[in-house]
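Everything below concerns the one structure shown next.
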Ligand SMILES: Cc1cc2nc3c(=O)[nH]c(=O)nc-3n(C[C@H](O)[C@H](O)[C@H](O)COP(=O)(O)OP(=O)(O)OC[C@H]3O[C@@H](n4cnc5c(N)ncnc54)[C@H](O)[C@@H]3O)c2cc1C
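Residue numbers (UniProt numbering): 1 to 426.
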């Protein structure tokens, strides 16, 4: 089937119904564009893995991009909307994994922690999303761009935005497989969604902080396979071949009854350096137990108490440092994780997605007011790409440096997390 876009407003095809693609669709729709989102998953519920994320320095930009009714319902995506938000609640404490004392507290004024799934559900409202559409090819036409999908389907649009995540097919189509390939970082991360159904356990966990807390630098056991900077503290325990855990965090993920902590769902992450594995469920829990060094206090209990049937996943974090691509005369570009997949330190990924989307919407809106001129289009999109590549490269590099520093208790105090907190740094 060949779908030809109708005359009238310009059509932007967006590949990927993740948060970047959905946000871009709203930003474009609000500015008079026809936005059509193509997603390879069959529905919003297909993906099992969920996580929480902090929306912090880019919150004011996010608020500008989404329609008012969605913004009014943002509390539906917030992990714990029942809190009285103040300076203490809007901060992220980080505890010392060796002593248990407070290492640092990062201020996050105005920030809200949301779950990806709930925010995605909210942002999917009133959008034209075509599910079960896997993009396989992209090419230019005389007046725009042609997108091909698995099967015989094609779609014609004026512009194409690749928002298809860290292993982006659009990126691969623009740059070739080898150049576009996401790079393994050597850092593994586990996520666990837990419902203890026991108010005492949940209360013990939220005592350190009602939203989220971190623990770093657990140096009591373990040595790192393939680590370039083995902490001195650990040299005496090299015989214990467990991977050094350097960061752990937990958060309140969702609340059914604010008065009854046994109904709350919590979420934890653990990061360490090791050989790549991809595991889920009980296998993942057993791997963590047997191969990563234990934490202390309630941070360890959060894992020990995890019911065996919980949603637990382990994967390696991947990154890609953006490099210029051929944007097909200003018709095709990238945004979000497709453009700059980074490690999850200081929660910067989605902040940069929001920034990309805002810049993209502004670029296309400005172009509309200037008329349909190929030279102007080429220049405008080249400027969009250049800014994003520069900013994205810095952010990806910083995430890698943060990861390296977090392995060494001596260097934790030099991390951006400690010196700058969560503010924008790229
Ligand atoms: C545990 C964790 C914690 C995080 N915490 C934070 C935080 O606190 N703050 C922060 O700013 N960021 C955080 N991030 C990063 C943030 O989640 C991501 O940057 C953001 O969600 C990226 O969204 P995206 O839409 O660009 O990519 P994705 O969510 O990957 O979406 C891409 C979509 O494209 C679809 N797709 C892929 N290929 C194709 C194809 N060929 N055809 C059609 N569709 C396709 C996929 O199915 C997917 O739905 C965190 C990430 C993790 C994993």
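Every residue, glycine too, gets a C-beta built ideally from N, C-alpha and C.
Small disclaimer: the values here were computed from a predicted structure and weren't measured.
Nearest residue (CA-CA) to residue i, options the options
i           : options               : result
residue 340 : 145, 14 and 20        : 20
residue 163 : 202, 111, 40 and 299  : 40
residue 298 : 412, 45 and 213       : 213
residue 124 : 67, 96, 101 and 82    : 67
residue 70  : 27, 314, 34 and 404   : 27
residue 178 : 321, 313 and 160      : 321
residue 366 : 296, 384, 84 and 8    : 384
residue 273 : 197, 188, 281 and 254 : 188
residue 281 : 317, 157, 161 and 192 : 192
residue 278 : 185, 85, 16 and 315   : 315
residue 36  : 157, 122 and 46       : 157
residue 137 : 131, 130 and 146      : 146
residue 254 : 210, 276, 153 and 284 : 210
residue 75  : 93, 111 and 99        : 111
residue 73  : 118, 93, 30 and 98    : 118
residue 65  : 377, 184, 359 and 422 : 359
residue 264 : 29, 195 and 77        : 195
residue 166 : 425, 335, 406 and 398 : 335
residue 426 : 349, 8 and 150        : 349
residue 54  : 399, 351 and 377      : 351
Simplified DSSP state of residue i, which is helix, strand or coil
i           : result
residue 352 : helix
residue 108 : coil
residue 219 : Model confidence at residue 219 stands at a pLDDT of 39, short of 50, so the residue's coordinates are unreliable; what they give is reported in the following sentence. Of the three classes helix, strand and coil, the one that applies to residue 219 here is coil, per DSSP.
residue 140 : strand
residue 176 : coil
residue 10  : coil
residue 447 : Outside the shown range of the chain, which is 1 to 426, sits residue 447, and nothing can be said about it.
residue 417 : helix
residue 319 : strand
residue 365 : helix
residue 162 : strand
residue 15  : strand
residue 75  : helix
residue 199 : helix
residue 327 : coil
residue 242 : coil
residue 337 : helix
residue 93  : strand
residue 270 : strand
residue 226 : Annotation note: pLDDT 20 at residue 226 (below 50); position unreliable, no value reported.
residue 67  : coil
residue 113 : strand
Inter-residue spacing [alpha-carbon to alpha-carbon] between residue i and residue j
i           : j           : result
residue 80  : residue 395 : 28 Å
residue 345 : residue 379 : 33 Å
residue 252 : residue 200 : 14 Å
residue 347 : residue 87  : 19 Å
residue 155 : residue 332 : 14 Å
residue 256 : residue 269 : 22 Å
residue 324 : residue 386 : 8 Å
residue 175 : residue 261 : 50 Å
residue 417 : residue 59  : 19 Å
residue 96  : residue 294 : 13 Å
residue 113 : residue 141 : 42 Å
residue 12  : residue 307 : 45 Å
residue 248 : residue 217 : 9 Å
residue 290 : residue 242 : 7 Å
residue 180 : residue 258 : 46 Å
residue 56  : residue 357 : 16 Å
residue 391 : residue 361 : 17 Å
residue 313 : residue 375 : 47 Å
Buried or exposed (CB count within 10 angstroms, at least 16 for buried), residue i
i           : result
residue 169 : buried
residue 355 : buried
residue 470 : Here the chain has residues from 1 to 426 only, and residue 470 is not among them.
residue 319 : buried
residue 410 : exposed
residue 203 : exposed
residue 102 : exposed
residue 414 : exposed
residue 206 : buried
residue 363 : buried
residue 1   : Note that residue 1 has pLDDT 47, beneath the 50 cutoff, so the model's placement of it is unreliable and no number is given.
residue 402 : buried
residue 419 : exposed
residue 43  : exposed
residue 92  : buried
residue 197 : exposed
residue 337 : buried
heavy atom of ligand 2 below 7 Å from residue i C-beta
i          : result
residue 39 : This structure simply doesn't include ligand 2; it includes ligand 1 instead.
Short CB-CB distance (under 8 Å) between residue i and chain D
i           : result
residue 284 : Among the chains in the structure shown there is no chain D, since it carries only a single protein chain.
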